[in-house]
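As C-alpha coordinates, the structure follows; a few thoughts come after it.
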Amino acid sequence: KPFSISFWIRPVSLQGIIVLISSTPTGIGYCVPHFGFSVNGTVIAQIYNGTGFVTVTDPTHSVATSVWSHLVQTWSSTNGIRLYINNVLVASNLISAGSYLGNGSPHYITLANGLSAASPCFGNQVTAMPFQGDIDDFRVYSRELSTNDVCTLYSN
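Under UniProt numbering, the first residue of the sequence shown carries the number 1, and numbering increases by one thereafter.
Structural data, given as C-alpha coordinates:
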(Lines of atoms letter the chains of each structure in order from A and count residues from 1; the text may use other names and numbers.)
(Lines give C-alpha, C1' and ligand atoms only; values in the text may rest on other atoms or scores of the structure.)
Protein backbone atom coordinates (compact mmCIF):
# COMPACT_ATOMS: atom_id res chain seq x y z
CA LYS A 1 0.00 0.00 0.00
CA PRO A 2 1.27 3.51 -0.71
CA PHE A 3 2.45 5.72 2.15
CA SER A 4 4.16 9.02 2.90
CA ILE A 5 6.12 10.33 5.88
CA SER A 6 6.50 14.08 6.40
CA PHE A 7 8.17 16.14 9.14
CA TRP A 8 10.38 19.11 9.95
CA ILE A 9 13.80 18.74 11.59
CA ARG A 10 16.32 21.13 13.12
CA PRO A 11 19.42 18.97 13.63
CA VAL A 12 22.19 19.64 16.12
CA SER A 13 24.40 17.25 14.16
CA LEU A 14 23.99 15.46 10.83
CA GLN A 15 24.01 11.88 12.04
CA GLY A 16 21.73 9.19 13.35
CA ILE A 17 18.31 7.68 12.81
CA ILE A 18 15.36 10.03 12.49
CA VAL A 19 12.48 7.57 11.83
CA LEU A 20 12.61 3.85 12.68
CA ILE A 21 9.70 1.53 11.90
CA SER A 22 9.69 -1.88 13.59
CA SER A 23 7.40 -4.81 14.38
CA THR A 24 8.00 -4.59 18.15
CA PRO A 25 8.38 -1.71 20.63
CA THR A 26 12.01 -2.72 21.27
CA GLY A 27 13.05 -2.90 17.62
CA ILE A 28 13.66 -6.67 17.72
CA GLY A 29 12.37 -8.36 14.58
CA TYR A 30 11.46 -6.47 11.44
CA CYS A 31 12.90 -2.95 11.59
CA VAL A 32 13.79 -0.34 9.00
CA PRO A 33 15.32 3.08 9.60
CA HIS A 34 13.15 4.91 7.04
CA PHE A 35 14.94 8.23 7.53
CA GLY A 36 18.37 9.14 8.80
CA PHE A 37 21.81 10.46 7.97
CA SER A 38 24.70 8.71 6.23
CA VAL A 39 28.23 8.77 7.65
CA ASN A 40 28.95 11.84 5.51
CA GLY A 41 25.87 13.72 6.81
CA THR A 42 23.52 13.42 3.84
CA VAL A 43 19.82 12.66 4.30
CA ILE A 44 18.79 9.09 3.44
CA ALA A 45 15.29 7.71 2.91
CA GLN A 46 14.84 3.97 2.47
CA ILE A 47 12.46 1.04 2.43
CA TYR A 48 12.91 -2.71 2.60
CA ASN A 49 11.82 -4.50 -0.60
CA GLY A 50 11.74 -8.04 0.79
CA THR A 51 15.37 -8.85 -0.03
CA GLY A 52 17.29 -5.71 0.92
CA PHE A 53 17.24 -1.99 1.52
CA VAL A 54 16.34 0.42 -1.28
CA THR A 55 17.98 3.74 -0.50
CA VAL A 56 17.56 7.17 -2.05
CA THR A 57 19.81 10.13 -1.30
CA ASP A 58 21.42 13.09 -3.03
CA PRO A 59 24.62 14.49 -1.51
CA THR A 60 24.08 17.82 -3.28
CA HIS A 61 20.80 18.43 -1.40
CA SER A 62 21.28 18.11 2.32
CA VAL A 63 20.24 20.03 5.39
CA ALA A 64 22.14 22.36 7.71
CA THR A 65 22.50 22.20 11.48
CA SER A 66 20.43 24.62 13.56
CA VAL A 67 18.11 25.33 10.59
CA TRP A 68 14.58 23.94 10.11
CA SER A 69 14.26 21.66 7.05
CA HIS A 70 11.23 19.82 5.67
CA LEU A 71 11.66 16.13 4.72
CA VAL A 72 9.16 13.90 2.91
CA GLN A 73 9.43 10.27 1.84
CA THR A 74 6.74 8.80 -0.42
CA TRP A 75 6.27 5.32 -1.81
CA SER A 76 3.81 3.82 -4.28
CA SER A 77 3.93 0.92 -6.71
CA THR A 78 3.58 3.47 -9.52
CA ASN A 79 6.37 5.90 -8.58
CA GLY A 80 8.56 3.88 -6.21
CA ILE A 81 10.36 5.68 -3.40
CA ARG A 82 10.84 9.45 -3.51
CA LEU A 83 12.74 11.85 -1.27
CA TYR A 84 11.86 15.54 -1.00
CA ILE A 85 14.02 18.02 0.88
CA ASN A 86 12.60 21.51 1.37
CA ASN A 87 9.98 21.08 -1.37
CA VAL A 88 12.48 19.73 -3.93
CA LEU A 89 12.32 16.16 -5.27
CA VAL A 90 16.00 15.29 -4.81
CA ALA A 91 16.02 11.52 -5.39
CA SER A 92 13.80 8.65 -6.49
CA ASN A 93 13.95 4.96 -7.34
CA LEU A 94 11.19 3.12 -9.23
CA ILE A 95 11.86 -0.22 -7.48
CA SER A 96 8.86 -1.78 -5.77
CA ALA A 97 8.74 -2.28 -2.01
CA GLY A 98 8.13 -6.03 -2.08
CA SER A 99 5.29 -7.68 -0.25
CA TYR A 100 6.05 -7.40 3.47
CA LEU A 101 2.74 -7.37 5.36
CA GLY A 102 3.98 -7.60 8.95
CA ASN A 103 1.93 -10.76 9.62
CA GLY A 104 -1.00 -8.58 10.66
CA SER A 105 0.88 -7.18 13.64
CA PRO A 106 1.02 -3.46 14.42
CA HIS A 107 4.07 -1.44 13.50
CA TYR A 108 5.85 0.89 15.89
CA ILE A 109 7.32 4.21 14.85
CA THR A 110 10.23 5.49 16.91
CA LEU A 111 11.58 8.99 16.38
CA ALA A 112 15.21 10.04 16.92
CA ASN A 113 16.34 6.75 18.48
CA GLY A 114 17.62 3.51 17.00
CA LEU A 115 16.59 1.48 20.09
CA SER A 116 19.17 -0.73 21.75
CA ALA A 117 17.76 -3.90 20.18
CA ALA A 118 17.67 -2.51 16.65
CA SER A 119 21.27 -3.24 15.65
CA PRO A 120 20.20 -5.90 13.08
CA CYS A 121 18.57 -3.02 11.16
CA PHE A 122 21.87 -1.42 10.36
CA GLY A 123 22.92 -3.49 7.37
CA ASN A 124 22.36 -0.32 5.41
CA GLN A 125 23.55 3.27 5.00
CA VAL A 126 22.00 5.05 8.03
CA THR A 127 24.35 5.69 10.95
CA ALA A 128 23.35 3.55 13.95
CA MET A 129 22.92 6.25 16.57
CA PRO A 130 20.17 8.51 17.90
CA PHE A 131 19.30 11.70 16.04
CA GLN A 132 20.16 14.87 17.94
CA GLY A 133 17.92 17.84 17.29
CA ASP A 134 14.28 18.86 17.06
CA ILE A 135 11.43 17.18 15.14
CA ASP A 136 8.11 18.89 14.48
CA ASP A 137 4.85 18.28 12.62
CA PHE A 138 5.50 14.54 12.11
CA ARG A 139 2.86 12.97 9.86
CA VAL A 140 2.23 9.57 8.30
CA TYR A 141 -0.17 9.22 5.36
CA SER A 142 -1.74 6.07 3.92
CA ARG A 143 -1.27 7.45 0.41
CA GLU A 144 1.47 8.82 -1.77
CA LEU A 145 1.61 12.59 -1.40
CA SER A 146 1.67 14.46 -4.70
CA THR A 147 4.20 17.16 -5.52
CA ASN A 148 1.43 19.70 -4.85
CA ASP A 149 0.75 18.10 -1.44
CA VAL A 150 4.44 18.37 -0.55
CA CYS A 151 4.46 22.02 -1.66
CA THR A 152 1.42 22.78 0.51
CA LEU A 153 2.99 21.15 3.58
CA TYR A 154 6.23 23.04 2.99
CA SER A 155 4.50 26.39 2.48
CA ASN A 156 2.21 26.11 5.50
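The C-beta atom is built at its ideal place from N, Cα and C for all residues, glycine as well.
Taking D134 as the centre and dropping the five residues before and after it, the same chain places the C-beta of R10 closer than 6 angstroms to its C-beta, in chain order. Assigned with DSSP and collapsed to three states, L20 falls in strand. Contact between T147 and L89 holds: CB atoms are separated by about 7 angstroms, below the 8 angstroms threshold. Per DSSP, Y30 is not a residue of any alpha helix (DSSP H), being assigned neither H nor E.
Here T51 carries a coil assignment [DSSP, helix/strand/coil]. For S155, the uninterrupted alpha helix (DSSP H) segment begins and ends at 147-155. Going by beta carbons, F7 and V19 fall inside the 9 angstroms limit.
Between Y154 and H70 a beta carbon distance of about 5 angstroms is seen, short of the 8 angstroms cut, so the two are scored as contacting.
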